[in-house]
Amino acid sequence: MSGGAERRLPGHYLKSKEMYSLPGLVEYRPVARYLFSAGQAQSRFLDGLKEGKILGKRCPRCGRVYVPPRSYCEYCMAPTSEWVELPGTGEVHTAVVSYISTFRERMEKPEIVAVIKLDAPGYTKGGYEFAGLFHKLCNVEPEDVISGRAIGMRVKPRWRPPEERKGDVNDIECFEPVES
Amino acid sequence: MSRRVAIIGVGWYGFKPSIPDLSFREMMFEASMRAAEAAGVDLRKDVDAFVSSQEDYWEGIAISDEFAPEPIGGVLRPTFTVAGDGLQGLAQAYMLIKTGYFDVVLVESHAKPSDILSLDKIYELALDPVNIRPLSPSNPLFTAGLDAVAYMSRTGLEREDLAFIAVKNRVQGLRNPRASYAAKISLEEVLEAEAYIYPMTRYEVAGFTDAAITVILASEDVARRFTDNPVWVSGVGWSTETGTGALAWHEWGRMKSMRMAADMAYRTAGVKPSQIDLAEVEDRFSFMEPLTLEEARLAPEGGAAKMAREGVFSPDGSLPVNPSGGSLAMGVALEATGLARLLEAYLQLVGAAGPHQVEATRALVASWRGPPTYTSMAVVLESEDAL
Ligand SMILES: [Zn+2]
Chain A
45 MSGGAERRLP
55 GHYLKSKEMY
65 SLPGLVEYRP
75 VARYLFSAGQ
85 AQSRFLDGLK
95 EGKILGKRCP
105 RCGRVYVPPR
115 SYCEYCMAPT
125 SEWVELPGTG
135 EVHTAVVSYI
145 STFRERMEKP
155 EIVAVIKLDA
165 PGYTKGGYEF
175 AGLFHKLCNV
185 EPEDVISGRA
195 IGMRVKPRWR
205 PPEERKGDVN
215 DIECFEPVES
Chain B
63 MSRRVAIIGV
73 GWYGFKPSIP
83 DLSFREMMFE
93 ASMRAAEAAG
103 VDLRKDVDAF
113 VSSQEDYWEG
123 IAISDEFAPE
133 PIGGVLRPTF
143 TVAGDGLQGL
153 AQAYMLIKTG
163 YFDVVLVESH
173 AKPSDILSLD
183 KIYELALDPV
193 NIRPLSPSNP
203 LFTAGLDAVA
213 YMSRTGLERE
223 DLAFIAVKNR
233 VQGLRNPRAS
243 YAAKISLEEV
253 LEAEAYIYPM
263 TRYEVAGFTD
273 AAITVILASE
283 DVARRFTDNP
293 VWVSGVGWST
303 ETGTGALAWH
313 EWGRMKSMRM
323 AADMAYRTAG
333 VKPSQIDLAE
343 VEDRFSFMEP
353 LTLEEARLAP
363 EGGAAKMARE
373 GVFSPDGSLP
383 VNPSGGSLAM
393 GVALEATGLA
403 RLLEAYLQLV
413 GAAGPHQVEA
423 TRALVASWRG
433 PPTYTSMAVV
443 LESEDAL
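Chains A and B, in that order, give the protein sequences. All residue numbers in the first sequence are consecutive under the working numbering, ending with 224. All residue numbers in the second sequence are consecutive under the working numbering, ending with 449.
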């Protein structure tokens with residue numbers, strides 16, 4: 045435990061050195077390091093981000109467009125085929141404001157995250173599933189989310205400058221309203 | 063127990079030390095599509111349930127079961143994961159079919175050890191956190207060496223006896239396209255190679271391999287609709303011993319859980335060990351192959367290594383053992399290792415093993431999930447000709 049939160053509670057506080065000197069506690073810090081193979085579809089997607097492009101893959105059987113792309117369609121169990129470049133624009137499908145962290149600490153600034161339904165020309169399947177990305181929202185106030193105004197809002201990606209892009213999802217800083 | 067359970071198709075992908083160009087999900091998809099094609103099954107229409115065998119720390123994803131369904135056809139279908147070897151998953155599928163509620167069940171396991179940068183530390187994390195980990199054993203696989211030494215002192219085996227297993231399997235693997243670690247080596251080369259974990263040298267300790275394997279099982283009546291060449295899963299067994307939480311309580315130089323798993327598999331199959339004419343069994347350390355054969359009652363106590371040197375277990379012997387080259391030639395595919403043994407036995411029984419084909423109708427498949435865990439699985443497979 046660290047920081048100020050626990051001082052609001054009554055009692056005597058152990059320093060971590062004291063805590064781990066108590067019998068019955070054995071400290072261990074796992075070392076779990078990985079280098080994930082992104083694979084055929086995702087690797088090209090990440091390359092695309094570096095160039096400021098959002099790429100998807102289309103299923104030849106059902107017409108669904110996968111963003112992030114996959115090598116296969118989970119509905120048809122068929123390999124996806126054609127690469128498509130999406131315009132990047134879309135609408136907020138659902139959004140949420142978080143005020144606290146996983147450990148219940150209040151964050152300095154509330155964070156707004158959303159699932160963005162991307163415009164995907166030629167997507168022929170309707171339903172709850174779509175080409176889209178989970179990302180942060182900028183220039184959207186908590187009030188917009190709480191009031192429901194954010195839902196359906198037209199948004200576009202705010203790209204980082206090309207020299208800062210690394211080929212990962214953070215090459216998009218966030219999605220922001222199209223008007224701004 | 064009424065309905066019999068058959069394997070109607072198997073698919074695999076990989077068996078390379080590293081597959082950097084495919085994600086584990088893409089490997090699962092490739093293996094599953096090949097199994098579906100072999101079985102003549104539509105994964106989205108014909109499969110009643112899906113089983114994936116995986117362990118979070120191998121995956122590098124906590125609660126990784128949510129990644130199981132989509133590459134194998136299991137989205138929005140009954141799917142569950144088994145935190146264990148693929149043969150444990152297979153036993154679950156076998157039981158699902160035995161209930162009568164499921165006709166076709168898919169079993170999957172995969173491994174991508176090349177994605178794990180701290181494999182040694184993951185093994186360390188598997189050790190008892192209070193009594194063993196604080197000692198920081200520099201090689202968490204030390205228990206294999208302890209068992210090998212105890213096995214040798216109990217049976218009077220020499221290093222040569224164990225080294226020969228590495229020669230047999232690494233050379234046999236040269237005929238198997240999935241055996242990336244096959245090598246034309248001599249007994250002297252094995253003995254003189256650098257020591258890995260005494261008494262074993264580098265050739266006697268299996269490497270790691272990236273692989274994905276999918277097996278499709280069906281009840282007897284449904285199996286007949288899909289294939290005229292089923293392989294019967296006649297018996298299954300599994301057992302777990304106390305692990306590194308109580309190393310003094312392990313019977314060193316033995317695999318008691320293997321004895322129990324094999325006995326359970328024979329009993330459920332109604333088969334005697336003497337009826338087995340092919341064995342694809344654990345050999346990730348050289349001593350494990352003869353010890354597994356003894357615990358599975360396919361060789362007398364302390365007699366398996368000698369039988370191996372006499373050629374009994376060679377591809378043209380009376381009981382071929384690991385004609386695939388085993389894990390020593392194919393590598394350890396983490397939780398997919400048991401299904402790798404099963405895949406090889408299946409291909410032998412349907413006559414599709416290719417260059418390493420042997421004559422066989424009734425196989426024992428056995429895998430051991432350690433070290434550092436002590437879990438054993440055994441399966442009895444029978445071809446149509448065995449019945
Ligand atoms: Zn599709």
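Where is the CB? At the ideal position from N, CA and C, for every residue including glycine.
By the Cβ neighbour-count rule, residue 226 (chain B) is buried, with 16 or more other Cβ atoms within 10 Å of its own.
Straight through space, the alpha carbons of residue 110 (chain B) and residue 97 (chain B) are spaced by roughly 15 Å. Measuring C-alpha to C-alpha distances from residue 434 (chain B) to each of B:177, B:302, B:171 identifies B:302 as the nearest. Membership of residue 143 (chain A) in the beta strand (DSSP E) is indicated by the continuous run 134-144. Secondary structure note for residue 318 (chain B): its alpha helix (DSSP H) is the uninterrupted segment 318-331. Residue 177 (chain B) places its beta carbon less than 8 Å from that of residue 80 (chain A). Counting along the chain, the unbroken alpha helix (DSSP H) around residue 99 (chain B) starts and ends at 86-101. By the criterion of a C-beta distance shorter than 7 Å, residue 397 (chain B) is surrounded in its chain by 115, 116, 117, 120, 146, 147, 148, 171, 173, once the five residues flanking it on both sides are discounted. The closest heavy atom of ligand 1 lies 7 Å or more from the beta carbon of residue 287 (chain B).
Beyond the five residues adjoining it in sequence on each side, residue 394 (chain B) comes within less than 6 Å, by CB distance, of 268, 270, 346 in the same chain, given in chain order. In this structure, B:74 is the residue among B:185, B:290, B:193, B:74 with its C-alpha nearest to the C-alpha of residue 134 (chain B).
When Cβ pairs closer than 8 Å are counted between the two stretches, the segment 211-218 of chain B is seen to touch the segment 302-321 of chain B, the count reaching three or more.
The segment 323-331 of chain B and the segment 233-253 of chain B do not touch, with fewer than three beta-carbon pairs separated by less than 8 Å.
Judged by their CB atoms, residue 93 (chain B) and residue 71 (chain B) are not nearer to each other than the 8 Å cut-off. Judged by pairs of C-beta atoms under 8 Å, the segment 192-204 of chain B does not touch the segment 287-300 of chain B, as fewer than three such pairs exist. At least one heavy atom of ligand 1 falls within 7 Å of the beta-carbon of residue 108 (chain A). When 8 Å is used as the limit between beta carbons, residue 81 (chain A) is near these residues of chain B: 81, 82, 83, 84, 85, 86, 174, 176, 177, in chain order. Proximity of the beta carbon of residue 240 (chain B) to ligand 1 is not indicated: no heavy atom of the ligand is located closer than 7 Å.
Distance from the CA of residue 102 (chain B) to the CA of residue 95 (chain B), rounded to the nearest whole angstrom, comes to 10 Å. When B:266, B:391, B:401 are compared, the shortest CA-CA separation from residue 79 (chain B) is found for B:391. Of B:283, B:353, B:244, the smallest CA-CA separation from residue 210 (chain B) is found for B:353.
At a cut-off of 8 Å between beta carbons, residue 74 (chain A) contacts chain B. Looking at the backbone, the Cα of residue 177 (chain A) and that of residue 221 (chain B) are separated by about 58 Å. In the structure shown, residue 116 (chain A) adopts extended strand secondary structure according to DSSP, grouped into three states. Not one heavy atom of ligand 1 sits closer than 7 Å to the Cβ of residue 106 (chain B).
For residue 132 (chain B), the residues of chain A that pass the 9 Å Cβ criterion are 114, 116, 118, in the order they occur in the chain. Interface residue (Cβ-Cβ distance to chain B less than 8 Å): residue 78 (chain A) is classified as such. In this structure, DSSP gives residue 271 (chain B) a state outside helix and strand, which the three-state scheme calls coil.
Those residues of the segment 188-215 of chain B placed with their C-beta closer than 7 Å to a C-beta in chain A are 191, 192, 195, 196, ordered along the chain.
In this structure, residue 119 (chain A) has its beta carbon less than 7 Å from a heavy atom of ligand 1. Scanning its chain for C-beta atoms nearer than 8 Å, with the 5 sequence neighbours on each side dropped, one finds around residue 202 (chain A) the residues 182, 216, 217, 218, 219, 220, in chain order.
Checking the 7 Å criterion, the Cβ of residue 194 (chain A) is out of range of every heavy atom belonging to ligand 1.
The segment 122-133 of chain B makes no contact with the segment 186-199 of chain A; the number of CB pairs closer than 8 Å stays below 3.
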